[in-house]
Structure formats: C-alpha cells, structure tokens
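Chemist: I have a structure here, written as structure tokens, and I will follow up with some questions on it.
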Amino acid sequence: MLESYSRCWAEIDTTAIAHNVNEIQKIAGNTKIMGIVKANAYGHGDVTCAKALRECGIDFFGVSSIDEALRLRQAGIQENILILGYTPNEHFHYLHEQNIVQSLVSFEYALQLNAYAKENNVVLRAHCKVDTGMCRTGIIYQDQEKNMDKIIQEYRLSHIQVEGIFSHFPVSDELSNVSKAFTLHQIELFQEVLENLKQEGIEPGIRHIQNSYGILNYGDLGFDYCRPGLLYMGVTSDDSIDIVSNPDFIPILSLYANVSLVKWIQKGQSVSYGRHYIANKPTKVATISIGYADGLPRMVSNQNLEVIVNGVKCPLIGNICMDQCMVDVTNVESVQQGDEVCIIGTQKGQRVTVDEISRKAHSINNETLSCITSRVPRLEKRVK
Ligand SMILES: Cc1ncc(COP(=O)(O)O)c(C=O)c1O
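In terms of this note's numbering, the sequence shown opens at residue 211 and continues consecutively.
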C-alpha cells in the first residue's frame, strides 16, 4: 500500500491498541472485553483492529451485520462474532455455515430464526437482547412493560442456543443525576432479568451491558463481558464530557495528506468556493490533498481548524472542497509540494486531535472517525 500514491492516508497504531486494552482492563477488572469492530471499526479498519485485539487475547467481536461478520471470517478471524443488529432471512444460512452468533432483536425475530433452524435441522447460536431503556432492539424490560415471559421463551426455543444476554446504555456518558439514575436503573432491571431467569432454572450464558462510557463511568460491574469500541481506539466521543475514570488512552488513528501546491496570494484575493476567505495581507497558501470526500467534514470550513505543516500549526482557510483544501502556511518557513500535513495526530511535537474536528462539526468522534471514507488507505503506523 505504502508504495502506491496516496493523496491522503490514515495510519493505525496497533501497538497503541494493546496499550488501550490494558487501560480498559484496569477499569473493567475481571470483565472480559468484546471488541466492537462494527462499521469498519469506526473507520479504523475492522480486520486490522480485530487482529490486534486478538493478539491481546480478545476472543469475542461485535459487528453490526452479517457482511461485516463475513469480512472478519474471510480474513481468518476464527473467534466468536456477535451480530449486534438484524440479519435478514435470506442470509440466515451464513449464521450456521460461518458459526456466527446472532442477537435476538425481538421475540418475533427469535421465532423466525427458530423456524428456519428447525426446518434446516441446525441449531443457531444467539444472544438475547433485553431492552432496558434504549428502545432500539431487544425485548422490552422496562418499568412500563416487562416482557419476562418472552425472554424465558427465547431460552426455551428448540433450535436456538441462547448463549448470552445483553442490554445497552443510552446515557452512560452523562453524569447528571437524572442520567446516572437512569443508567443505574437499567443495571437493576438487567439484574432483575437475570434473577428471574435463575428462578426459572435457566442459565443466562454470558452477560454484557457496558459500552465505552459504561466502562469509564461505572467501572467493574461484575458481568462477563464489556463491549468497548471507542476506548480501544484511544478516544472518547467528546473530550469535553466529564468522566469518572480518566485513564491514559492513546488515539490509534492519525490522518495525513500531502501538499500539492504552495503559492503566495495578495491582499484582497479570495480562497475556495463561496469566497468566504479573503486575504487581508500577502498570504502563503498550501493546497493539500484531502477533502470532504475523504471524510474531512465540509462543515468545519472557515472555523480556523488547525493542521500541522512541518511542525507548525496552521489554520485551514476557505471552504473545504471535495478532494482538496487550503491552509495558511505564512508562518511556515519552508514548505513545498509533497510535504506531509498532519490532520489528526502528532508531528514534530505538535498535536491535533479528532476532538477539534468533531467539535467544529457539531458532532462526536464516533461519527467523524467512521466517516473517513473508503478511498483513504489505512496503513499500519510507520516508525518515523
Ligand atoms: C450494542 C453496542 N454495544 C457496544 C457499542 C460500542 O460503543 P462505544 O464505542 O461507545 O464503546 C455499540 C456502539 O454503538 C453498540 O451499538
């Protein structure tokens, strides 16, 4: 990959993944980690991340769909894979052919899956999804409606082996009293479900509920697995949100582009579409080869987003174009075509973070990172 020409590229530091896993484990205690690698591991590269996580002893991966699960299998990942979302009927056969664990997204869905398995004389592996407050997927078990009977019936289906049970937090990132009470109540509800299963003589299998903020803010809850995505990637959703544990995470992704042109413009000349930047003095401008079609959100245009050019932080000027954008490099003594510009990461002791891009885009790091597009090659980090 490195030999080929790249306008821009992302580097993934797999050593940092091992460091981050270690940091997560310090907080999660004996709770094992299920590595969430859905959406191409939020743009970091699912196979690269899964392989690095496997090196750390991680034996379970979470994906959003069957195609993501198959990608991992094709890349030689033989560990457990849980599909967190829904698999359509016509793809059920992959579940047993490829030994993949399916979330039971509803009771009716479990019946459908069971009917398929019975007809084909197979037993499918599954985890029961309990909806304790997200109202997205799973059997609702909330104060307003507690469908314990359906949860029990899922465990008793003839051709589904329910090997685990899980739920999900919508506000584990918020430390307001209301949000903390909500999350703690979800944990209580989940425990109530487990207790009810016990009363019925049902072994629930592996239990998991915590996403990244669930780990950071609620520590070791004593369940079997936790499900971090962001944390092993070394970031949080938004660095301005208060968190209870503040470990030493290292962001694993850096983003770079090349300088394609350097020129001086005079006072009064405008830069890029819309002419939103007009030079008020002679300005040295570098055009760099990254744009919104690479995942640098157009929305961060004209907000002084800084990138690093030869060790100097410089602001983007004018609108971000599809494949290119412009940088004010007046303060950089020496800059020329081909120089490497750091958009996310560190260069010569300077650091720019994805948080800054997300803030200016009114978004969260989850979105910014997963929107780095497929034409940006992901390379394993080079020693510089
Ligand atoms: C069901 C489920 N579990 C775990 C995660 C991982 O979340 P995070 O990246 O915040 O750790 C996600 C991500 O959205 C999810 O949907």
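Glycine residues also receive a C-beta, built at the ideal position from the N, C-alpha and C atoms. Values in this document were obtained by computation on a predicted structure and should not be read as measured data.
How about I310 and I291: do their beta carbons lie closer than 8 Å?
Modeler: Cβ distance < 8 Å, so I310 and I291 count as in contact.
Chemist: Quick check: does the Cβ of N421 come within less than 7 Å of any heavy atom belonging to ligand 1?
Modeler: Indeed, a heavy atom of ligand 1 lies less than 7 Å from the Cβ.
Chemist: What's the call for G478, buried or exposed, on a 16-neighbour Cβ count within 10 Å?
Modeler: Exposed, because fewer than 16 other Cβ atoms sit within 10 Å of the Cβ of G478.
Chemist: Where DSSP assigns a beta bridge to S316, which residues make up the other side?
Modeler: Beta-bridge pairing links S316 to no other residue.
Chemist: Can we count P438 as close to ligand 1, meaning its CB is less than 7 Å from some heavy atom?
Modeler: Flag set: Cβ of P438 near ligand 1.
Chemist: So what does DSSP say about E590, is it helix, strand or coil?
Modeler: If DSSP states are grouped into helix, strand and coil, E590 belongs with the strands.
Chemist: Could you tell me the boundaries of the beta strand (DSSP E) in which N290 lies?
Modeler: Looking at the DSSP string, the run of the beta strand (DSSP E) that includes N290 is 290 to 293.
Chemist: Relative to the alpha-carbon of E355, which residue among T342, D434, I362, T347 has its alpha-carbon at the smallest distance?
Modeler: For E355, the nearest C-alpha among the options comes from T342.
Chemist: Please give the ranges of any beta strand (DSSP E) in the segment 312 to 387, keeping only runs that are unbroken, at least 3 residues long and fully inside the region.
Modeler: Runs found: 334 to 341, 349 to 352, 370 to 376.
Chemist: With burial defined as no fewer than 16 other Cβ atoms inside 10 Å of the residue's Cβ, what is the status of W219: buried or exposed?
Modeler: Flag for W219 reads buried.
Chemist: Could you tell me which residues DSSP pairs with F271 in its beta bridges?
Modeler: Per DSSP, G245, I291.
Chemist: Report the rounded CA-to-CA distance for M211 versus L589, giving the unit in angstroms.
Modeler: Residue placement at M211 is poorly supported in this model, since its pLDDT is 45, which falls under 50; the coordinates still yield a value, given next. The straight-line gap from Cα to Cα measures roughly 7 Å.
Chemist: Spatial neighbours of V542 within its chain, please: CB distance less than 7 Å, with the 5 preceding and 5 following residues excluded, ordered by chain position.
Modeler: V519, N520, V522, C524.
Chemist: Three or more C-beta pairs under 8 Å: does that hold for the segment 480 to 488 against the segment 247 to 267?
Modeler: Result no; under three Cβ-Cβ pairs closer than 8 Å.
Chemist: Buried or exposed for C345, please, with buried defined as at least 16 other CB atoms from any protein chain shown within 10 angstroms of its CB.
Modeler: So C345 ends up on the exposed side.
Chemist: By how many angstroms is the C-alpha of N576 removed from the C-alpha of V381?
Modeler: Each residue's alpha carbon lies about 15 Å from the other.
Chemist: Alpha carbon to alpha carbon, how far is E405 from E364? Give it in angstroms, no decimals.
Modeler: Cα to Cα, E364 sits roughly 16 Å from E405.
Chemist: Going by C-alpha to C-alpha distance, which of M443, T497, A503, K408 sits closest to S482?
Modeler: Closest by alpha carbon: T497.
Chemist: Are there 16 or more other CB atoms within 10 angstroms of the CB of Q420, so buried, or fewer, so exposed?
Modeler: Burial call: buried.
Chemist: Within the continuous alpha helix (DSSP H) that includes A285, where are the two ends?
Modeler: A285 -> no alpha helix (DSSP H), and no H or E assigned at all.
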